[in-house]
Structure formats: structure tokens, C-alpha cells
Amino acid sequence: MSTNLAPRDADGYILDIPYVPCFNSRSTPVQVAMAARAAGVPAPDLEQPFRYADLGCGTGITLLVLAAAYPDSQFFGIDINEARIEEARARAKRCGLANVQFIAGAFSSPAAQAIEDLDFATAYGIYSWVSARVRGDLFALLARSVKPDGLALVSYNTQAGYGQTVPVRDLMRRLIDGFPGDLNRRRRAAIDALHRMSRGSAPYFEQHPLARALLADWQPVNFNYIVHEFLNESWYPASFGEVASDMAAVGFHFSGDSAYLLSGKPSWIADHFEEIDDPVLLEDLTVFGNAHPFRVDVFSRQGPMAIGRPPLIHDEELFGTVWPAATRTMQQVAAKGDPTSALMKRCLSAPKRWGEIRRQAPLDGSMPAHAAAVLRDAMCALTMTRYRSSLEVRPLNDTAVLSFSSKLSEDIANDRVLADMPQFFPAPNVGGVVPVPPTIVQVIAAAEGQSSRARWEERTLERLLVRAHGGEKPKGPDEMAALRERIERAISQVQTTWAPFLAAAGILRSH
């Protein structure tokens, strides 16, 4: 295999182009703790200061938002790419975040090994993208640094979900060596060649439709993401059983993130494997049978979990929606008529206590684990979260001037790289973070210091044009009129819905 695919100092991990920076919502302390607690496994108390590490943190967006949301806790980020770590350090300094430390180096480095007493350790986007040696270093670091009552999160691609695409990925890497030009030009040419094959009559794609579907999904996706996700030398889809075995070898047991395990055996498993009661084997069967392509699993050291263990969710705990009730998205989700929407409807007006939610909207009341699984899935879908306290959402004065409460939030809103991605902001009064649609973010950022509605609209127009059109105005008066109408609607949404909610959440200030 050619040595031109990537620098070798990271065991084949790609360093020549940056990964797409983003916030990993599944890695938040609230999400990790809920995955365990819904499965009946204890989790660290988020009302007390905790220690959290992001292993493979990249530019540190996840850690920085969490550090701003939990100022009394300590955060650590480790990444092999020194340029990304310097970027993370610069943002932390610029935003005045002193409770986060970034380490440039391998998981086996002395600085990484010095991290101890972690309540949470997350390895998101590591397992399937590094060599076996680096995975071993990762497991050793988890075993050394996580407390006996702490939790570890590991994400990975699965054999069951990506089996059909392994030959596609391997051929693509060989094609890179056959095209002329620099490395990225050859990468693009290889990807385009596979697209042409998938759209043609190549029998492989007729026999393996999932491979064709994967390539179709790549069309609108960021090029850097595709390269990092599938073209590094160490790309390795694994089975659930293999990951669970690797973690068990260093003292960790599977502890959650499976709706099927929490709510009982799927019928197709119960019909054929009635005698099996090993949760890890049942989970392996479920992942295989459903061809789950990507997993985010939580592990603890507190003994193997058992099927049917009651969830550790107290009736007094508050849960609520992460977006204001009046937004169209929330109304659409709540109108679906499934268990998740039934749960959400109880919480649209204000956060509700878990006991009240279960009593008023029983989610198969005879199975508390099923109700907990629905709640956990709603949190993973970013429709609900655990609240620290009930919010008092008050209408804002029409003349109120809006601004972000933290320097980090302002920094994120003004970052061109982050502008088109799902954006998350530290929300001290909620469950740590709240997602906000990119257009709403730009409308709020344009309101800073605005003196009139007309000026607010013009500043929003300027920001959206830069974000979507590189600063150039749309061609034709109809397109511009449609954009102005969209801005007017968005500003009205911010004034009546988003701004009061985000102010109550602690993300915005009104003057």
C-alpha cells in the first residue's frame, strides 16, 4: 500500500487535512449518565463537580462548550494533532475558560498518563479509526484514569452495518494511487470514480445495495469528513462483542445505550434465542440483526448489567424539551403519535418531574425500563434533556437588545467554520447544553447592539449572505425577496419564541 495516504506518525490517522469540527451531543455528561442510569447502572452526580476527559478531542469544541456549561468541573482534552490542540487552546484563552486543559500527544504520553480520577472519559470517533496498538493505549489509559464508579464511552463503526462497504473502501484507497495530482486531488478522483460505478451497471452495487446507498449519502457530505471517516489506513469496523470484550479485558462492563436491551428482547430474537439471557450476547445479536452501522456505548466497572434491572431515575428529576414549544420542529415531533411524542407533550409547556410524566403519559407502565429507554432515545434525538431547575420563560420587551451570555457562545456564533453545522451553546440553567438552529444563531448574533428592526434585518442579511453565498447577493429580485421574507420570519421567531427561552436557559442576556 502506498505511503502517500497520510503521515505515519499517528499509525495511519490522517493529519494532512482537518477533521470537521463539531459538538458531540452523545458525549455530554447528561447523555452518558442517562445511558447508564436508564439501564440501572449508577452514574456520577452531575450536581457535584466532576472530572471529564475527551480522548481524541480535535479542536475541542465539545470540551469548550461543556467547560462553559459546568464552570465548577474540570475538563481534559487529548489529541495527537498538535495543530488542532493549539487551536483549542487559543479558543479557550480567547473565551476565558480556565477549567479546561488540552494535551498534544498520544494516549501513552506521560502528560496523558498523568490524568487521574475521571468521572467521565469519552472516546468518540477513535476505536474504528486507529491501529490496534493505539486502541491498546486507549484501553490502558481508560483503565488507569477512570474512577471505580466512573463511566467510559466508546463509539465505533460496526461490521454488521459496514460489511458491504469494506471492498468499496479498499478499492477506493487503491484507486488513489492510480490518479495523477496531489493527494487531495487523487482522493476526490477516487471518490468520484466509485460514484460513477455505483450509478452505472456494476454488478457489485446491484448485489450490495447498502454500498450504493453509502455512496449516495456521500454526495452532500463534507469532503474532509469522508476522507477521515473511510480513507485512513486503520479504518476498522468491529462487532459489538469485540468491543465489549476489549473493554472487559481492562475491567469495564457494558452499561447502556441500547433501547432493545432495556425494553426486552426483539421478537425475532425472542422467537429464536429464548434460552439466551447473556445481555452482551443478546446485544451482539441485536446489532447484527439490525445492521446498526454506528454505535455509541457506555461502560462502567460496577459489575455486569442484567436484563430487567430497574432504571435509576428518581421521580423528582426534571425533564423537558431542548427547544421552545412554539417552534415548528417541536410541534411536528410532538404530533407523531409515538411513545416519544407522548412523552414530549407532557413537557412542552415546561419541564416536568419524571414521576409525573410516567403517571400522566404511561409509556407501557408495567415496564419502567421501557419508559426509561424512550426517555433516553428522546435525549439522543436532541428533543429532550434533564433540567437542573424549572425555567421561568418570560416574554421580552420589544425594544430589548440581545447578546450572548458567554464569550464562548459569541465566538461560536461568529466562527465561519462552525456556521453551517448544528450549533450547541452552554446553558447553565438547563442540562448543560442546548442546540440552536444555525439561522436562529445568526439572527441573534446580528441583534448585538441593534438600534432598530430595519437595521437588525440588514445585519442578518449580511451575515446570512456571507454564510451561504460568500457575501454575494442572490441572483434575481425574487430570490432576494424570498431571503428577506425568511429573515423577517426568523426575527419574529427569535423575538417571540427563541429569545425568551434562551434567556431563561442562560444562553442570552437582554438589555
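Under my numbering, the first residue of the sequence shown is numbered 1271, with each subsequent residue one higher. Using N, Cα and C, we set each Cβ at its ideal position, and we do this for glycine too.
Whose CA, out of the options, lies closest to the CA of residue i?
i: alanine 1692; options: Thr1428, Ser1295 and Tyr1289; result: Note that residue 1692 is proline in the sequence shown here, rather than alanine. The residue with the shortest Cα to Cα distance from proline 1692 is Ser1295.
i: leucine 1501; options: Glu1317, Val1436, Pro1319 and Ala1683; result: Val1436
i: phenylalanine 1372; options: Cys1365, Ala1381 and Gly1366; result: Ala1381
i: histidine 1562; options: Asn1492, Trp1624, Leu1480 and Met1517; result: Leu1480
i: arginine 1558; options: Gln1429, Arg1756 and Gly1702; result: One detail in the question is off: residue 1558 reads as phenylalanine in this sequence, not arginine. Out of Gln1429, Arg1756 and Gly1702, Gln1429 has the C-alpha closest to the C-alpha of phenylalanine 1558.
i: tyrosine 1474; options: Arg1571, Val1438 and Leu1588; result: Val1438
i: proline 1319; options: Ala1376, Leu1333, Phe1345 and Asn1560; result: Phe1345
i: alanine 1242; options: Trp1726, Gln1763, Arg1579 and Ser1676; result: The displayed coordinates of the chain run from 1271 to 1781. Any statement about residue 1242 would go beyond what the structure contains.
i: glutamate 1512; options: Asp1541, Glu1503, Glu1553 and Ala1595; result: Glu1553
i: glutamate 1749; options: Glu1626, Leu1731 and Leu1285; result: Leu1731
i: isoleucine 1777; options: Ala1410, Thr1332, Gly1330 and Val1711; result: Val1711
i: phenylalanine 1771; options: Gly1701, Glu1662 and Ala1689; result: Glu1662
i: valine 1550; options: Asn1560, Leu1485, Ser1537 and Ser1515; result: Ser1515
i: serine 1297; options: Pro1747, Leu1652, Leu1672 and Ala1641; result: Leu1652
Roughly how many angstroms separate the alpha carbons of residue i and residue j, rounded to a whole number?
i: alanine 1786; j: asparagine 1699; result: Residue 1786 lies beyond the stretch modelled for the chain, which goes from 1271 to 1781, so this question has no answer here.
i: alanine 1353; j: leucine 1678; result: 20 angstroms
i: aspartate 1324; j: threonine 1709; result: 29 angstroms
i: arginine 1494; j: proline 1665; result: The sequence as given places asparagine at residue 1494; arginine does not occur at that position. Using only the alpha carbons, I get a separation of about 42 angstroms.
i: alanine 1620; j: alanine 1306; result: 25 angstroms
i: phenylalanine 1674; j: glutamate 1680; result: 6 angstroms
i: valine 1703; j: threonine 1591; result: 12 angstroms
i: glutamate 1545; j: isoleucine 1539; result: 10 angstroms
i: methionine 1517; j: proline 1288; result: 29 angstroms
i: glycine 1431; j: phenylalanine 1564; result: 7 angstroms
i: lysine 1606; j: aspartate 1647; result: 15 angstroms
i: valine 1566; j: alanine 1508; result: 12 angstroms
i: serine 1378; j: aspartate 1281; result: 13 angstroms
i: glutamine 1301; j: methionine 1649; result: 7 angstroms
i: tyrosine 1506; j: glycine 1395; result: 11 angstroms
i: glycine 1470; j: alanine 1460; result: 16 angstroms
i: glutamate 1587; j: valine 1644; result: 16 angstroms
i: alanine 1376; j: glutamine 1572; result: 28 angstroms
i: proline 1450; j: serine 1425; result: 35 angstroms
i: tryptophan 1783; j: alanine 1358; result: Here the chain covers residues 1271 to 1781 and nothing more, so residue 1783 does not appear.
i: isoleucine 1682; j: glutamine 1765; result: 21 angstroms
i: valine 1416; j: alanine 1639; result: 27 angstroms
i: arginine 1457; j: asparagine 1427; result: 21 angstroms
i: aspartate 1575; j: histidine 1542; result: What sits at residue 1575 in the sequence shown is methionine, not aspartate. Their backbone Cα atoms lie some 22 angstroms apart in a straight line.
i: glutamate 1317; j: proline 1299; result: 11 angstroms
i: tyrosine 1283; j: arginine 1364; result: 29 angstroms
i: glutamine 1383; j: cysteine 1292; result: 26 angstroms
i: serine 1272; j: glutamate 1499; result: For serine 1272, the predicted model reports a pLDDT of 36, less than 50, meaning its position is unreliable; a value from the coordinates is still stated below. Distance between the alpha carbons of serine 1272 and glutamate 1499 is about 19 angstroms.
i: aspartate 1407; j: alanine 1374; result: 15 angstroms
i: methionine 1637; j: proline 1581; result: 10 angstroms
i: threonine 1556; j: arginine 1629; result: 30 angstroms
i: phenylalanine 1695; j: glycine 1578; result: 36 angstroms
Could you give the DSSP three-state label for residue i: helix, strand or coil?
i: aspartate 1748; result: helix
i: leucine 1552; result: helix
i: serine 1471; result: coil
i: valine 1644; result: helix
i: glutamine 1630; result: helix
i: methionine 1654; result: strand
i: alanine 1514; result: helix
i: histidine 1781; result: coil
i: valine 1566; result: strand
i: lysine 1417; result: strand
i: histidine 1584; result: coil
i: phenylalanine 1524; result: strand
i: lysine 1606; result: coil
i: alanine 1540; result: helix
i: arginine 1725; result: helix
i: arginine 1598; result: helix
i: arginine 1616; result: coil
i: alanine 1393; result: strand
i: alanine 1508; result: strand
i: glycine 1776; result: coil
i: glycine 1578; result: coil
i: arginine 1571; result: coil
Between residue i and chain B, is the shortest Cβ-Cβ distance under 8 angstroms, so that the two count as touching?
i: alanine 1353; result: The chain inventory of the structure shown lacks chain B, comprising one protein chain alone.
| field | Contained alpha helix (DSSP H) runs [length at least 4] in the segment 1280 to 1346, N- to C-terminal order | value | 1299 to 1308 and 1331 to 1339
| task | May I ask you to verify whether the segment 1439 to 1449 touches the segment 1336 to 1345, counting CB pairs closer than 8 angstroms and requiring at least 3? | result | no
| query | Counting pairs of beta carbons, one from the segment 1303 to 1318 and one from the segment 1419 to 1433, are three or more of them closer than 8 angstroms? | reply | yes
| said: Closer than 8 angstroms is the cut-off here; do at least three beta carbon pairs connect the segment 1397 to 1410 with the segment 1356 to 1370? | reply: no
| field | Validate contact between the segment 1343 to 1352 and the segment 1651 to 1660 using beta carbons, cut 8 angstroms, 3 pairs | value | no
| said: My parser needs the beta strand (DSSP E) runs of 3 or more residues fully inside the segment 1659 to 1708; what are they? | reply: 1672 to 1674, 1693 to 1697 and 1702 to 1706
| Are at least three pairs of beta-carbons, each pair with one atom in the segment 1716 to 1730 and one in the segment 1611 to 1626, less than 8 angstroms apart? | no
| request: Let me know the alpha helix (DSSP H) ranges lying completely inside the segment 1349 to 1389, each 4 residues or longer, listed in chain order. | output: 1352 to 1364 and 1380 to 1383
| query | For the segment 1411 to 1468, which segments carrying the alpha helix (DSSP H) assignment without a break, of at least 4 residues, lie completely within its bounds, in sequence order? | reply | 1429 to 1432 and 1436 to 1446
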